[in-house]
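Student:
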Amino acid sequence: MKKWVPIATGLLAGFVAATISFADFSHSTKTAAIDSSTKSDAEKVYVPLGKKDDYYLFASGGHSGQLFVYGVPSMRQIRTVPIFSPDSATGYGYDKETKKMLGGYTWGDFHHPAISETNGDYNGKFLFATDVANSRAAVMDLKTFTTKDIIKVPNTSGPHCAAFVTQNTEYLFLPTRFSVPVGQKYEPLDNYSKKYRGVMSALTFDQKKEKLNIAYQVALPPWSYDLSDAGKKESGDWAVMSTYNTEEATTTMEINASQADRDYIVLFNWKELAKMVKEGKYEDVGGQKMIYPEKQKGGIYLVPVAKSPHGVDVTPDGKQFIASGKLAPSMTVFSFKKAFEAIKNKEFAGERNGIPVLQYKKVMEREVNPENALGPLHTQFDDKGMAYTTMFISSEIVKWNPKTGDVLDRVPVQYSPGHSVAAEGDTASPDGKYLIALNKLSKDTYLSVGPSHPESMQLIDISGKKMRVIDTVPANPEPHYAQMIKADKIHTINVYPKDPTNKDAVYKQSDTKIVRKGNEVHVYGIAMRSRFIFDSKAKRPDEINVNQGDHVFIHLTNIDFDEDITHGFAINQYDLDMEVQPGQTNTLEFTADKAGTFPLYCTNFCSALHQEMNGYFLVKPKQ
Amino acid sequence: MVNLNGKKLSVVSSLILACSAVFIGLSLFFPWWRLLLYAPQYPEGLNIIVYPNKLEGQIDIINGLNHYIGMANFDEKSFPELSYMSYLVGGLAVLTLLVGLLRRKSFLYMLIGLFLVGGLIGFFDLYHALHTFGTHLSLKAPIKIKPFVPPMVGENHFANFTTHSYLGKGAYFVVLAFILTLIPIWKDRK
Ligand SMILES: [Cu+2]
Numbered sequence: 133m134k135k136w137v138p139i140a141t142g143l144l145a146g147f148v149a150a151t152i153s154f155a156d157f158s159h160s161t162k163t164a165a166i167d168s169s170t171k172s173d174a175e176k177v178y179v180p181l182g183k184k185d186d187y188y189l190f191a192s193g194g195h196s197g198q199l200f201v202y203g204v205p206s207m208r209q210i211r212t213v214p215i216f217s218p219d220s221a222t223g224y225g226y227d228k229e230t231k232k233m234l235g236g237y238t239w240g241d242f243h244h245p246a247i248s249e250t251n252g253d254y255n256g257k258f259l260f261a262t263d264v265a266n267s268r269a270a271v272m273d274l275k276t277f278t279t280k281d282i283i284k285v286p287n288t289s290g291p292h293c294a295a296f297v298t299q300n301t302e303y304l305f306l307p308t309r310f311s312v313p314v315g316q317k318y319e320p321l322d323n324y325s326k327k328y329r330g331v332m333s334a335l336t337f338d339q340k341k342e343k344l345n346i347a348y349q350v351a352l353p354p355w356s357y358d359l360s361d362a363g364k365k366e367s368g369d370w371a372v373m374s375t376y377n378t379e380e381a382t383t384t385m386e387i388n389a390s391q392a393d394r395d396y397i398v399l400f401n402w403k404e405l406a407k408m409v410k411e412g413k414y415e416d417v418g419g420q421k422m423i424y425p426e427k428q429k430g431g432i433y434l435v436p437v438a439k440s441p442h443g444v445d446v447t448p449d450g451k452q453f454i455a456s457g458k459l460a461p462s463m464t465v466f467s468f469k470k471a472f473e474a475i476k477n478k479e480f481a482g483e484r485n486g487i488p489v490l491q492y493k494k495v496m497e498r499e500v501n502p503e504n505a506l507g508p509l510h511t512q513f514d515d516k517g518m519a520y521t522t523m524f525i526s527s528e529i530v531k532w533n534p535k536t537g538d539v540l541d542r543v544p545v546q547y548s549p550g551h552s553v554a555a556e557g558d559t560a561s562p563d564g565k566y567l568i569a570l571n572k573l574s575k576d577t578y579l580s581v582g583p584s585h586p587e588s589m590q591l592i593d594i595s596g597k598k599m600r601v602i603d604t605v606p607a608n609p610e611p612h613y614a615q616m617i618k619a620d621k622i623h624t625i626n627v628y629p630k631d632p633t634n635k636d637a638v639y640k641q642s643d644t645k646i647v648r649k650g651n652e653v654h655v656y657g658i659a660m661r662s663r664f665i666f667d668s669k670a671k672r673p674d675e676i677n678v679n680q681g682d683h684v685f686i687h688l689t690n691i692d693f694d695e696d697i698t699h700g701f702a703i704n705q706y707d708l709d710m711e712v713q714p715g716q717t718n719t720l721e722f723t724a725d726k727a728g729t730f731p732l733y734c735t736n737f738c739s740a741l742h743q744e745m746n747g748y749f750l751v752k753p754k755q
Numbered sequence: 003m004v005n006l007n008g009k010k011l012s013v014v015s016s017l018i019l020a021c022s023a024v025f026i027g028l029s030l031f032f033p034w035w036r037l038l039l040y041a042p043q044y045p046e047g048l049n050i051i052v053y054p055n056k057l058e059g060q061i062d063i064i065n066g067l068n069h070y071i072g073m074a075n076f077d078e079k080s081f082p083e084l085s086y087m088s089y090l091v092g093g094l095a096v097l098t099l100l101v102g103l104l105r106r107k108s109f110l111y112m113l114i115g116l117f118l119v120g121g122l123i124g125f126f127d128l129y130h131a132l133h134t135f136g137t138h139l140s141l142k143a144p145i146k147i148k149p150f151v152p153p154m155v156g157e158n159h160f161a162n163f164t165t166h167s168y169l170g171k172g173a174y175f176v177v178l179a180f181i182l183t184l185i186p187i188w189k190d191r192k
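Chains as they are written, first to last, in the working numbering: chain C, 133 to 755; chain D, 3 to 192.
1) Identify every run of the beta strand (DSSP E) within the region 109 to 169 of chain D, keeping only runs that are complete inside it and at least 3 residues long; order them along the chain.
2) Would DSSP call GLY657 (chain C) helix, strand or coil?
3) Would you please state the rounded distance, in angstroms, between the beta carbons of SER267 (chain C) and PHE258 (chain C)? I believe it to be under 8 angstroms.
4) Counting only beta-carbon separations shorter than 8 angstroms, does GLY120 (chain D) have a partner in chain C?
5) Does SER158 (chain C) come out as helix, strand or coil in the three-state DSSP assignment?
6) For a test of the three-state rule: what should DSSP assign to PRO186 (chain D), helix, strand or coil?
7) Taking a cut of 8 angstroms between CB atoms, which residues from the region 64 to 97 of chain D lie near chain C?
8) Look at the alpha carbon of ALA164 (chain C) and the alpha carbon of SER172 (chain C), and state the distance between them as a whole number of angstroms.
9) To the nearest whole angstrom, what separates the beta carbons of LYS439 (chain C) and ASP395 (chain C), a pair I think is in contact under 8 angstroms?
10) Taking the C-alpha atoms as reference points, what is the distance between ASN485 (chain C) and PRO353 (chain C)?
11) Would ARG661 (chain C) count as contacting chain D if we go by Cβ distances under 8 angstroms?
12) By how many angstroms is the C-alpha of THR717 (chain C) removed from the C-alpha of THR633 (chain C)?
13) Mind listing the chain C neighbours of PRO144 (chain D)? Cutoff is C-beta to C-beta under 7 angstroms, in chain order.
14) Residue ranges of each alpha helix (DSSP H) run of no fewer than 4 residues wholly in the region 524 to 574 of chain C, ordered along the chain?
15) Any heavy atom of ligand 1 closer than 7 angstroms to the CB of PHE221 (chain C)?
16) Does the beta-carbon of VAL101 (chain D) have 16 or more other beta-carbons within 10 angstroms, so that it is buried, or is it exposed?
17) Taking the straight line between their C-alpha atoms, what separation do you get for ASP709 (chain C) and THR212 (chain C)?
18) CA-CA distance, GLU175 (chain C) and ILE602 (chain C)?
19) Measuring CA to CA, which of C:ASP515, C:ASP253 and C:ASP416 is closest to PHE296 (chain C)?
20) For LYS403 (chain C), which residues of its own chain have a beta-carbon under 7 angstroms away from its beta-carbon, when the five flanking residues on both sides are left out?
21) At a cut of 8 angstroms, does the region 93 to 100 of chain D reach the region 22 to 39 of chain D through at least three beta carbon pairs?
22) Counting only beta-carbon atoms, is ASP62 (chain D) nearer than 8 angstroms to chain C?
23) Can you find a CB in chain D that lies within less than 8 angstroms of the CB of PHE693 (chain C)?
24) Classify THR644 (chain C): buried if its beta carbon has 16 or more other beta carbons within 10 angstroms, exposed otherwise.
25) Contact between the region 377 to 385 of chain C and the region 444 to 461 of chain C is defined here as three or more beta-carbon pairs at a separation below 8 angstroms; is this criterion met?
26) Identify whether GLU46 (chain D) lies in helix, strand or coil by the three-state DSSP scheme.
27) Going by other Cβ atoms of all chains shown within 10 Å of its Cβ, with 16 needed for buried, is TYR224 (chain C) buried or exposed?
28) Regarding ALA659 (chain C) and ligand 1, is the C-beta to nearest heavy atom distance less than 7 angstroms?
29) Between which two residues does the beta strand (DSSP E) containing ALA261 (chain C) stretch?
30) Taking C-alpha atoms, which residue in C:ILE622, C:ARG498, C:THR278 and C:THR375 lies nearest to ASP219 (chain C)?
31) State the Cα-Cα distance for the pair LYS572 (chain C) and PRO502 (chain C), rounded to the nearest angstrom.
32) Enumerate in chain order the residues of its own chain whose CB-to-CB distance from THR378 (chain C) is below 7 angstroms, with the five nearest sequence positions on each side excluded.
33) Could you check if MET710 (chain C) belongs to the surroundings of ligand 1, using beta carbon to heavy atom distance under 7 angstroms?
34) Does the separation of the CB atoms of GLU415 (chain C) and MET408 (chain C) fall below 8 angstroms?
35) Should LYS470 (chain C) go down as buried or exposed, given a rule of 16 or more other Cβ atoms within 10 Å for buried?
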């Protein structure tokens, strides 16, 4: 009868105990409500000491050739990562490995970063970059925030329409802005239509070896390819890219490439292309597998679109793609489903350059034309599938519903936004919360630094119905596009682990040595707080002696396996500089062509006795 | 039987001694002593964790910092004890078990004596190490500080460091084992 009393008491006691030990009495639910309603703009972006930002922002550095890393919402710049340009601050392009990777180029033009994906979502492992200036692609490891590989892509020149990855990072595509003759041979511009091609490259990435590789190329017509996006979910095997200059103009492009009423969205199925390559349906062009769409048919289609579009963006559900007019004041929403049907039924409106053209009306779902919104460039999405399009000419962001075409909100930005980036805003599951307008002009916004003004990034709160600009920060030239990823997806290392297979590494002071082989001198040294040891048995362990003309290798290991203790290494007058991060081994290779006495020192402030961290590099003159 | 009661331990006492042996054995797998150092740049703390047979923690980092004040490197080589400590402790566990099996009170007294002597030597050894490292600072050290001896248990300050010393689980197991060896004396008292 009264058995339930002890049972109930027991349960109650258990419950109380559980509440006491597990319940979170912090006011987390309350603060979430406060966030969007009562917090001031300053409070929304303030991240106090001890707290960290919610998102990483990876902004391309344009013709700086670098990547800019910011925290969001604080908008604090955390790091500049050199990718296509040398950087003396990190020794990038000076040490043996990175010098070789840069291949003699002194700059690059990085436009569109692409984070590696799993199932259409960022996985936080790698970031890909492309160089419009010198036709290269690069990959950065997000464990170390360092560039791991750079590949030069032949037959193509200016992969602006890149990079985008397929939904499981099967391929990284590099369509190009400029057309050139295959092999980039000399060819008069009069032969443009016949001999020039806008070659798109499909790259694969070996995650283990951290190496990029060209899988195949497609000799697309000699048009300019501007922006692109990979399909998602039901459109996951497909990708879209925008074109302009289908006029095939060769001069004064501003006028001549803006004549045709319609350009195209190129719609292609990358699985079909891969299959064609597998079946040998390609031509060998200087060692590259080249698909010529007019000969090896299939997998590529053209969708007519209002002239000279800029962005083309796939909705998070993978059902639609949106082309932004740039010169036409509208966004056009296309349906993948309709396109697939038209392709299946072969409802083509003829061909262009040997590629089937789909009927505009058959694929188009709606045209959205917000009043006086001019120069739509690029679209991002929030967690509810709403679209945010930058208006370059009318300097605003327009929020609208791609399913209905309803315009929901507009907010002015200062000024002339190119791209914008929302939190995971081009993935299969955007986060909402934040959008950043990447503005090209800042004019009156900041303290003047002379005639050239910085670029400007504006953080916009998109969590409510109304968008609200909550912060404005300057940026170096020049973020074209950025991606914003949840901070907890990035897993960095703090210290390089010991690598027993690295023959250049020395982890014990007593193992340091200087070895001479003919006119080659190999220094196996260490850096530690606060000294260099090149040969622990020498009278002066921090002295390097060579003969003029010697080929010198300085292998240096930072044996401070301690977070944030980075050392640098520089030789005065020798234009040499490198960095060794905690636990890292790095090599400088050079010829000691100048005789004399050259101090060497640690460039990266490491300790109280950093100033004492130096030695001498002595070069004995030739007799 | 009755006659022997005065000199022989009861079965319960024997079990208690077996327990004691187990705790001694167990202590080999846990740290005996730990020094935790904090500095402004190391809010997360740096550890020296001493097991009977090894050192753990951020020893390399601590050595790297210690050379500034001229402190000798400590590593497993500078503590020969680490190479044989575990045999001594293991031996003690076996002895304790044997005493439990033989159930002779006189053996128990000897065991307790051994415990006390061993414990004293252990404490002295640790003190000696702390004293040696803290007071034999190189005269050529870039940063000169007053010689110091960190306490075996408690807080200390030197340079930019605050140190906390603790006994580890292993040490507590040994203390517990020692207490367990005392219980039979009280339990089987006349
Ligand atoms: Cu240094």
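Don't be surprised by glycine CBs; every beta carbon is placed ideally from N, CA and C.
Tutor: Judging by the given coordinates:
1) 156 to 160 and 163 to 169
2) strand
3) Contact doesn't hold; Cβ gap of about 20 angstroms is too wide.
4) no
5) In this prediction, SER158 (chain C) has a pLDDT of 45, which is less than 50 and means its spatial position is unreliable; nothing more can be read from the coordinates.
6) helix
7) GLY66, LEU67 and TYR70
8) Because ALA164 (chain C) sits at a pLDDT of 46, beneath the cut-off of 50, its placement in the model cannot be relied upon, and the point is left open.
9) 5 angstroms
10) 6 angstroms
11) yes
12) 12 angstroms
13) LEU741
14) none
15) Per the sequence shown, the amino acid found at residue 221 (chain C) is Ala instead of Phe. No; taking the cut-off as 7 angstroms, the Cβ of ALA221 (chain C) has no heavy atom of ligand 1 nearer than that.
16) buried
17) 17 angstroms
18) 10 angstroms
19) C:ASP253
20) ASP369
21) yes
22) yes
23) yes
24) buried
25) no
26) strand
27) buried
28) yes
29) 253 to 263
30) C:THR278
31) 22 angstroms
32) TRP355, ALA392, ASP395 and TYR396
33) no
34) no
35) buried
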